[in-house]
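In my numbering, the protein residues as written are 1268 to 1424. Cβ coordinates follow ideal geometry from the N, Cα and C atoms, glycine included. Predicted model only: the values in this text are computed from it and were never measured.
Right under this line is the structure:
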């Protein structure tokens, strides 16, 4: 695959840079105001122990990074999955464990970890009484521009 081919895939979705405006999001203000914006994605399956939701964060002007807040209920997990985009996780609250391929990585507040492209992973909230809160930053926008719908079609079922 050549650079010219990649550029030809990206150009149709190109948008001009936004006007530079301050963009800020704070977990504390969301928690105190009770602002629960509609989830981008959520899944609850008690039989499989899955209970989580993902919200897109309202940060303006980003074209490559895609910041999201992931909440996993006490004792629950998200789905075991993989995808074409890279992910960087920052633990904002709670405690848990990240299954990354065949390894298990403990997670506590302040930890930062990453998930490379196509690596099977799953996050488990090990607390029995607090949500696990993760700031997930991905390159989903860029990956989608290059691969189109391939990211969705290549996920584990």
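Taking 7 Å as the threshold (C-beta atoms), are residue j and residue i in contact?
i, j, result
"residue 1318", "residue 1340", "yes"
"residue 1361", "residue 1400", "yes"
"residue 1333", "residue 1415", "no"
"residue 1392", "residue 1363", "yes"
"residue 1398", "residue 1338", "yes"
"residue 1368", "residue 1382", "no"
"residue 1380", "residue 1359", "no"
"residue 1276", "residue 1413", "yes"
Give every residue of the same chain whose Cβ lies closer than 8 Å to the Cβ of residue i, excluding the five residues on either side of it in the sequence, and list them in chain order.
i, result
"residue 1306", "1320, 1321, 1322"
In three-state DSSP terms, what is residue i?
i, result
"residue 1279", "helix"
"residue 1387", "coil"
"residue 1411", "helix"
"residue 1313", "helix"
"residue 1270", "helix"
"residue 1330", "coil"
"residue 1392", "strand"
"residue 1371", "strand"
"residue 1376", "coil"
Looking only at its chain, what residues have a beta carbon closer than 6 Å to the beta carbon of residue i, apart from the 5 residues adjacent to it on each side?
i, result
"residue 1308", "1321"
"residue 1395", "1341, 1342"
For the ligand MN, any of its heavy atoms closer than 6 Å to the Cβ of residue i?
i, result
"residue 1349", "Of ligands this structure carries none, so the ligand MN is not represented either."
So who's on the other strand from residue i, going by DSSP bridges?
i, result
"residue 1403", "1335, 1356"
"residue 1318", "1311"
For the 8 Å Cβ check, are there 3 or more pairs between the stretch 1391 to 1405 and the stretch 1353 to 1372?
yes
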